[in-house]
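In what follows, a single structure is set out as structure tokens and then discussed.
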Amino acid sequence: MNLHPTACWNDVVNAAILGFDRSGARACMPAGGSPWSLSSAAAGDGSMESLLSEIATLAIYESAGRLPSAAATPEEIPLCIADDRLCSRPATNHLFEILHGGRQKLLPHWVAAAAAGGWHAPPEALPRLLEIAIDVRDDAELQALLAVTGDRGRWLAERRPHWKKLWQTPDANAASWEVDSRDDRLALLRRLRLSDRAAAQQLVEAAWGSESAADRTTLLEQFAHGLARDDEPWLESCLDDRSKQVRTTAAELLSRLPDSALSQRMTSRVHASVTLKPGGGLLKKKPPKIEVTLPDAADAELKRDGVEPRAQRTLGEKASLLMQIVALAPLPVWRQHDQREADWIAAALHSEWGIALLEGWLAASRIQRDGEWASALLTHVCLAPAVKDAPVDEQWRRQAILPLMEVLPAEQAAAVAARAAGDPHSDHANVVAMLQACDFDWDDALSAAVIDFLQRATRATSAIYDPALRQLITDAAPTRLAIRLADQLADRLGVPLENWSPNFAAAVQDLISTVHFRREMFAALALPIPSKPAP
Numbered sequence: 026m027n028l029h030p031t032a033c034w035n036d037v038v039n040a041a042i043l044g045f046d047r048s049g050a051r052a053c054m055p056a057g058g059s060p061w062s063l064s065s066a067a068a069g070d071g072s073m074e075s076l077l078s079e080i081a082t083l084a085i086y087e088s089a090g091r092l093p094s095a096a097a098t099p100e101e102i103p104l105c106i107a108d109d110r111l112c113s114r115p116a117t118n119h120l121f122e123i124l125h126g127g128r129q130k131l132l133p134h135w136v137a138a139a140a141a142g143g144w145h146a147p148p149e150a151l152p153r154l155l156e157i158a159i160d161v162r163d164d165a166e167l168q169a170l171l172a173v174t175g176d177r178g179r180w181l182a183e184r185r186p187h188w189k190k191l192w193q194t195p196d197a198n199a200a201s202w203e204v205d206s207r208d209d210r211l212a213l214l215r216r217l218r219l220s221d222r223a224a225a226q227q228l229v230e231a232a233w234g235s236e237s238a239a240d241r242t243t244l245l246e247q248f249a250h251g252l253a254r255d256d257e258p259w260l261e262s263c264l265d266d267r268s269k270q271v272r273t274t275a276a277e278l279l280s281r282l283p284d285s286a287l288s289q290r291m292t293s294r295v296h297a298s299v300t301l302k303p304g305g306g307l308l309k310k311k312p313p314k315i316e317v318t319l320p321d322a323a324d325a326e327l328k329r330d331g332v333e334p335r336a337q338r339t340l341g342e343k344a345s346l347l348m349q350i351v352a353l354a355p356l357p358v359w360r361q362h363d364q365r366e367a368d369w370i371a372a373a374l375h376s377e378w379g380i381a382l383l384e385g386w387l388a389a390s391r392i393q394r395d396g397e398w399a400s401a402l403l404t405h406v407c408l409a410p411a412v413k414d415a416p417v418d419e420q421w422r423r424q425a426i427l428p429l430m431e432v433l434p435a436e437q438a439a440a441v442a443a444r445a446a447g448d449p450h451s452d453h454a455n456v457v458a459m460l461q462a463c464d465f466d467w468d469d470a471l472s473a474a475v476i477d478f479l480q481r482a483t484r485a486t487s488a489i490y491d492p493a494l495r496q497l498i499t500d501a502a503p504t505r506l507a508i509r510l511a512d513q514l515a516d517r518l519g520v521p522l523e524n525w526s527p528n529f530a531a532a533v534q535d536l537i538s539t540v541h542f543r544r545e546m547f548a549a550l551a552l553p554i555p556s557k558p559a560p
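The opening residue of the sequence shown carries number 26 in my numbering; numbering runs sequentially from there.
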């Protein structure tokens, strides 16, 4: 009898499928059991128990005796030259608490600090970091994240196609434009706009005719990255696109180029439509007056330039026409003839055309990123005392704060927000809106003003019912407050007040602990990088 372990394999398989009595497996069972069988009282008696013993033994034998294929042989992991740049144990602990302990919002801060210091993340964190990198759309944040994965991260990414593409250069990726996902194409286009503008232009022009209106608009929006005068011919041609949204996007981009033909056309329209008359009266105390002269309807040229007036809730058709002209006109045009932003704003607040002008200046400040106009609108409209019979209400003033603050340079925005937060008479909701807009690390002056504001605001009996205040405490302040003021924050807000609910008190304590965690995190990453040992 053949006693090789696999001699009865087919019989026991048939028995498992057909049943013990019908399969004939009893005949193949050696009396007393096989020499290689598991020890069992029932072994070799031809019973079901004996068959099960044979199956169990064969399964173990098959698994233990199988040779791995060549493809399954583990690849040797190379020694990395970056091992001497791994972050310290405290920094590693901070990273794992961020990744797995509920502090995920601090990951960009850890990554930025580690990349700036030349540190690499520990190997066991690399798979998680690479998965996170797949969904990162900000190029600077992505490059920092890839930097902290080091050579081990790149080696690991080579073995996963969806990780490998993180390191692919625009030139290597351009050939796959047609098959890449929408997000990958946009990321490639943004990179090319900063590194190879001609290649970016060729990709867009080649795909333009087959794209939907929505996708053409999205592609065109990427031209904001690295926008320059040589983009004008293409953008000007997009004014003839059949999609209104494409035409509007092209017009907005052209309005950022002060010497473009569209900017010159809009300048001429402003000069023909709007005039500021000096103030009158015996002592000339009356405010300046704005006179507006508009065509009865938008002609074909205006429509080509993205101006298509239509009546809205707060604007009639002519006011809508004026607003769109103002929104696309270069803002320096309003500074001619020694006329300042404040003069125009003061006149607009007393004009029947005020809402159209203010809406237009607000849009132009956002589109053209003009800090001077944004500051003037904040100072004289949003944060100033309300003017009687003003064309804009409190809701408009508050909603305008965010887009205007986002235009200001960080230093200027911090100064404006610090003044408002430190003033006990400032409107509470306006201060919160301004602080939410300060999406950068707050300096000591702004942080001190915010701590003062939080101490005042949390004393109010209505504090626990204020969603904006809670959002400030849970979202903005934990990641932006200066870590040098961590102890001051704990001293001022560390003791819960009687009007705080348990949930609100927990939110404040989490704010304090997060700022202290950031202080420890940055301290651990600030350690000097050890030098490489001499060979």
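Idealized CB from N, CA, C, for every residue including glycine.
Straight-line Cα distance separating residue j from residue i
i      : j      : result
Gly126 : Val299 : 59 angstroms
Phe465 : Ala165 : 15 angstroms
Ala223 : Arg281 : 20 angstroms
Leu131 : Thr504 : 7 angstroms
Ala415 : His450 : 21 angstroms
Glu236 : Arg517 : 57 angstroms
Leu497 : His134 : 18 angstroms
Glu342 : Trp378 : 12 angstroms
Pro283 : Ala373 : 24 angstroms
Asn39  : Asp240 : 60 angstroms
Asn35  : Ile85  : 16 angstroms
Ala88  : Ala41  : Here residue 88 turns out to be Ser, not Ala, going by the sequence shown. Distance between the alpha carbons of Ser88 and Ala41: 19 angstroms.
Leu408 : Arg422 : 8 angstroms
Arg218 : Ala169 : 20 angstroms
His187 : Ile537 : 39 angstroms
Ser376 : Pro357 : 21 angstroms
Gln437 : Leu510 : 21 angstroms
Asp491 : Ser293 : 48 angstroms
Thr486 : Arg391 : 37 angstroms
Glu326 : Met291 : 11 angstroms
Ala7   : Leu260 : Coverage of the chain is limited to positions 26 through 560, which leaves residue 7 absent and any answer about it impossible.
Arg216 : Gln513 : 43 angstroms
Asp535 : Trp192 : 37 angstroms
Asp221 : Thr273 : 26 angstroms
When the options are compared against residue i, the one with the closest alpha-carbon
i      : options                        : result
Lys189 : Ala158, Arg210, Arg207, Val173 : Ala158
Ala182 : Leu154, Asp205, Ser206         : Leu154
Ala232 : Leu219, His250, Ser220, Leu211 : Leu211
Pro428 : Ser526, Pro152, Ser88, Cys463  : Cys463
Asn524 : Ala549, Ala515, Ala502, Ala488 : Ala488
Leu111 : Leu536, Glu230, Pro147         : Pro147
Arg481 : Leu319, Ala276, Asp256, Leu522 : Leu522
Asp176 : Ala225, Trp144, Gly519         : Trp144
Ser472 : Val295, Gly142, Ala446         : Ala446
Gln361 : Ala399, Ala325, His296         : His296
Val317 : Ala381, Asp221, Leu514, Glu419 : Ala381
Ala454 : Ala399, Ala253, His250, Ala493 : Ala493
Arg484 : Ser526, Ser268, Ala458         : Ser526
Glu156 : Ala137, Ala141, Gly142, Gly178 : Gly178
Arg543 : Arg114, Pro258, Glu122, Leu77  : Glu122
Alpha helix (DSSP H) segment containing residue i, residue limits
i      : result
Thr504 : 502–505
Leu301 : Run containing Leu301: none in the alpha helix (DSSP H); it sits in the beta strand (DSSP E), 299–302.
Val332 : Val332 -> no alpha helix (DSSP H), and no H or E assigned at all.
Ala445 : 435–447
Thr486 : It is not in any alpha helix (DSSP H) - Thr486 carries neither H nor E in the DSSP assignment.
Ser400 : 396–402
Asn455 : 453–462
Trp386 : 379–393
Pro152 : 151–159
Ile350 : 342–353
Ser472 : 469–482
Opening and closing residue of the beta strand (DSSP E) in which residue i lies
i      : result
Lys130 : Careful: Lys130 lies outside any beta strand (DSSP E) and carries neither H nor E.
Val317 : 314–317
CB-CB length for residue i against residue j, believed under 8 angstroms
i      : j      : result
Asp395 : Val432 : 7 angstroms
Ile508 : Val540 : 6 angstroms
Ser345 : Arg335 : 6 angstroms
Leu278 : Gln247 : Contact flag wrong, Cβ pair sits at about 10 angstroms.
Asp368 : Pro313 : 6 angstroms
Glu419 : Ala425 : Actually they do not touch by this definition, with Cβ atoms about 11 angstroms apart.
Test: residue i CB closer than 8 angstroms to a CB of chain D
i      : result
Trp144 : Among the chains of the structure shown, chain D does not appear; only one protein chain is present.
Original post:
Per the contact definition of three or more C-beta pairs closer than 8 angstroms, is the region 329–349 in contact with the region 250–265?
Top reply: yes
Original post:
Does the region 436–454 come close enough to the region 110–120 that 3 or more CB-CB pairs lie under 8 angstroms?
Top reply: no
**OP:** Check whether the region 376–393 touches the region 352–364, counting contact only when three or more Cβ pairs, one atom from each stretch, lie closer than 8 angstroms.
**Re:** yes
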